[in-house]
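> Each residue of the sequence shown is one higher than the one before, counting from 217 in our numbering.
By construction, the Cβ of each residue, glycine as well, lies at the ideal position given by its N, Cα and C atoms.
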Amino acid sequence: MAHGLNAPQQKAVNTLSGPLLVLAGAGTGKTRVVTYRIAKLIKSGIAADRILAVTFTNKAATEMQERIGGLLGKKSDKQPMASTFHSHCVRVLRRQIQHLGYPNKFSIYDRSDQESLARGVLREIRVPNETLRPGDLLYFIGGWKTKCIRPADAATTASTDKEHLAAMAYRRYQSGLKQRGAVDFDDLLLLTEELFTKFEEVRREEASMFDHLLIDEYQDTNGSQYRIVKAMAQDHRNLCVVGDDDQSIYGWRGAEVEHILRFSRDWPDSTVVWLENNYRSTEAILTVANRLIAFNKKRHPKELKAARSGGQQPRIEQYPNETKEAEGVVAAIAKLLRQPDWEPADFAILFRTNEQPRAFETELRRADLPYVLIGGMSFFDRKEVRDVLAYLKLIDSPTDEVSLLRIINTPPRGMGGKSIEGLTKEAVEQGKPLWDVMRNTSVVGKLPDAGQRACEELRSLVALFQQRFENESMVDAMRAMLARVDYESEIRRLYDKPEDQQTRMAAIEELANALGAYESKAKKPTLAGFLDDVALGGPDFNDEKDHQLKRNAIVLMTLHSAKGLEFPHVFMVGMEEGLLPHHRSIAVEGEAIDEERRLCYVGVTRAQDYLTLSMALTRRKWGKPRDTIPSRFLFELIGQAENPHAENAPVRGRPVGAVRKQKPAPNSAPSASRTPASADKGTRRRKS
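1. Report yes if the C-beta distance between Val270 and Leu411 is below 9 Å; otherwise report no.
2. Please decide whether Leu829 counts as near chain D, where near means a Cβ-Cβ distance under 9 Å.
3. Alpha carbon to alpha carbon, how far is Thr828 from Lys551? Give it in angstroms, no decimals.
4. Please give the ranges of any alpha helix (DSSP H) in the segment 711 to 771, keeping only runs that are unbroken, at least 4 residues long and fully inside the region.
5. Span of the alpha helix (DSSP H) holding Ser323?
6. Classify Leu833 as helix, strand or coil using the three-state DSSP reduction.
7. Could you say which of Leu796, Lys739, Leu743 and Val457 lies nearest to Gln295 if we only look at CA atoms?
8. Excluding sequence positions up to five away, which residues of its chain have a Cβ less than 8 Å from the Cβ of Ile324?
9. Under three-state DSSP, which class holds Trp490?
10. Looking at the structure shown, is Ile444 part of a helix, part of a strand, or coil, going by DSSP?
11. When you compare the CB positions of Leu508 and Gly241, do they come within less than 9 Å of one another, or not?
12. Rounded to whole angstroms, what is the Cα-Cα separation between Gly526 and Lys321?
13. Among Ser464, Glu673 and Pro741, whose alpha-carbon lies nearest the alpha-carbon of Leu239?
14. Specify the secondary structure class of Ile262 as computed by DSSP and reduced to three states.
15. Within 10 Å of its beta-carbon, does Thr821 have 16 or more other beta-carbons around it, so buried, or fewer, so exposed?
16. Going by DSSP, name the residue or residues bridged to Ser299.
17. Per the DSSP calculation, Tyr535 is bridged to which residue(s)?
18. Three Cβ pairs or more, each shorter than 8 Å: is that satisfied between the segment 621 to 629 and the segment 406 to 420?
19. Which residues bound the beta strand (DSSP E) around Val238?
20. Out of Phe511, Lys514 and Arg496, point me to the one whose CA is closest to Ala523's CA.
21. With the cut-off set at 9 Å, would you say Val604 and Ile724 are in Cβ contact?
22. With a threshold of 6 Å on Cβ separation, who are the neighbours of Ser303 within its own chain once the five nearest residues in sequence on each side are excluded?
23. My output table needs one value for Ile802: the three-state DSSP class, helix, strand or coil.
24. Just checking Lys648 against the ligand ATP - is the residue's beta carbon closer than 8 Å to any of the ligand's heavy atoms?
25. Just the Cα atoms here: how many angstroms apart are Asp557 and Pro784?
26. Below 8 Å on the Cβ atoms is my contact criterion, and I expect Val473 with Leu237 to pass it. Report the Cβ-Cβ distance as a whole number of Å.
27. For Ala276, count neighbouring Cβ atoms within 10 angstroms of its own Cβ and tell me buried if that reaches 16, exposed if not.
28. Can you list, in chain order, the residues of its chain with a C-beta nearer than 6 Å to that of Arg870? Leave out the 5 residues immediately preceding and following it.
29. Just how far apart, CA to CA, sit Asp652 and Glu340?
30. So, helix, strand or coil for Met697, using DSSP?
31. Which whole-angstrom value is the C-beta distance of Phe685 and Leu743, which I expect to be below 8 Å?
32. Within this structure, are the beta carbons of Val546 and Ala583 separated by less than 9 Å?
33. Kindly indicate which residue of Pro367, Phe426 and Leu232 has the alpha-carbon position closest to the one of Ile267.
34. Is the segment 709 to 723 in contact with the segment 648 to 664, if contact means three or more CB pairs nearer than 8 Å?
35. To the nearest angstrom, how far is it from the Cα of Asn768 to the Cα of Val588?
36. CB-CB under 6 Å to Asp810, same chain, minus the five flanking residues each way: which ones, in chain order?
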């Protein structure tokens, strides 16, 4: 293998022009191929800054740039652009959004900002909270935006009274965003697509900035992302997409597996490369993984080939109930941890729903074993972080009404509820931003003295710190701003315990650290640039998941969260009909079951050395034990379900056909060989 690449990997790396589809199965060295290919393009004479690589996470983009730098062996002013879809769309919109009637200095609303706006919209149309909550409205709006349905078309898709109310509110929500010079996260894609569709000169200008486009995790693209990619690549046609249709598990957030399945039809002159050599899992694990995924009817036919022969057969465990399942899994881990060659971080317990880990947490605490539950509160959901960010957003863009209302009396500065209500009412009547009303002396003069002083204090604060953030270190400006508003007194007012106060102040310090890291790395650091990075989940910020994964602890996480990770020993729990596949998928069958099967496949292929699948024979519902049915996937994994296509080896280019539904007998999951407690292990966990 040249440069450590096998033949298919070399073909992918050396195909330097035209449309290219790289079907990269789990554990087949996808990241290595992507970075080698970009390095090869640069070495062949393509200017680095004419290459755009799009990933789905900031961390992946950062790692890609670091690896490419390592391969090229020299630092250069020109670097390939590696970013997420949303980050790239922000850059496009900063340059072009004025064509759609938005200001270039638009705000990006996060979930809390959206909820504030949604609450106001529902109040305007007099919808009571018990009829439609702000969170429900955002759920409907998010669903419509994911499917690229605009406000004008939402009513035609609504089927219930609640959906019709939401469709009416959607129109006001969207106009409210525009009036405030703001967009939400979904708008970043939708508005970029709208620009490319309505303004051909904008599309050509943006597309002409790059000669090569590479899309990672192509199976996860939604409709807007798919059309943005086509618009960017249609002129030069140097498009490389990398992905695995067998790991398409985000249909619930708009991802369409069809995009990767029909790539060769969209780009008829494309080259297709199959990466099937798996360097992660043992042969025994891959055998069951291949057997399982072959049941899906729409897929590129491929089969993972093990670089590591042999291995222990995956085992299946049945327990009387969910409590005994948790006890059994934790006892098995505890037994292995008594041996010197195992560490807590070698184990992952994967589950389908967020309710499942409770019993496992109870047992892990009882056994005094270290563990982390991935998916807790985000750093940016903390009140103190949100408050400080609201101040920064207000300084950057005073018309950001949501941020203004959040901190208008935080910490208390004498602005009472009636004063705020009066100012807001005046703003609505005048059709002006709240900030403009607060600068109108005739309006402010009607407020009580404390309210007038509060308005003056906020106006002078914003004016002063707009200058300071432009002319000095932004970290110093932030510290001075926090001292000016005496935010520490707010912490002391809200939290009695010294340890709580220290934790809250430490979170604010972490935000300052993130600002400092941004300031040191950005070529032209601005407060707006920092806030964009925060909104997009930049790599320098407190990544709770990444931080937790670095601890030497047993990992509890959902199957969705586990994608891209690997562990020596994986426990997949709750292998029952209604959990995996989920009951919502069972109700509709078809593609929904296929996606659940892909999710199961993702779980299986996280295991490097050992895999244990377990189920409870009964599970409590509303306090009463109910009999369960073993997951159909258990039977498919071990070859006890009939696959009508098993006799006919799949032909490349022809998708595997449909499968007849198998109804497993209740409480009859088969057993498999046990993993010896003293078995040797392979490599440690790493991200792939």
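Here's the rundown:
1. no
2. The structure shown contains no chain D; it holds only a single protein chain.
3. 15 Å
4. 714 to 737, 743 to 751 and 760 to 765
5. From DSSP, Ser323 is part of no alpha helix (DSSP H) but of the beta strand (DSSP E) over Ser323 to Tyr325.
6. coil
7. The shortest C-alpha to C-alpha distance from Gln295 to any of Leu796, Lys739, Leu743 and Val457 is the one to Lys739.
8. Val306, Ala398, Val399, Asp400, Phe401, Leu404, Leu747, Asp748, Ala751 and Leu752
9. strand
10. DSSP places Ile444 in helix when its eight states are reduced to three.
11. no
12. 58 Å
13. That would be Ser464, whose Cα lies nearest to the Cα of Leu239.
14. coil
15. buried
16. Val270
17. Bridge partners of Tyr535: Ala832.
18. The segment 406 to 420 and the segment 621 to 629 do not touch, with fewer than three beta-carbon pairs separated by less than 8 Å.
19. Val238 -> beta strand (DSSP E) spans Leu236 to Ala240.
20. Residue Arg496 is the option with its Cα nearest to Ala523.
21. yes
22. Leu752
23. DSSP places Ile802 in helix when its eight states are reduced to three.
24. Looking for the ligand ATP in the displayed structure turns up nothing, as the structure carries no ligands at all.
25. 12 Å
26. Contact flag wrong, Cβ pair sits at about 14 Å.
27. buried
28. Reliability fails at Arg870, whose pLDDT of 29 lies under 50, so the model's placement of it is uncertain and the value that follows must be treated cautiously. Closer than 6 Å at Cβ, skipping near neighbours: no residue.
29. 21 Å
30. helix
31. The beta carbons of Phe685 and Leu743 sit about 5 Å from each other, so the pair counts as a contact at 8 Å.
32. yes
33. Phe426
34. no
35. 9 Å
36. Asn512
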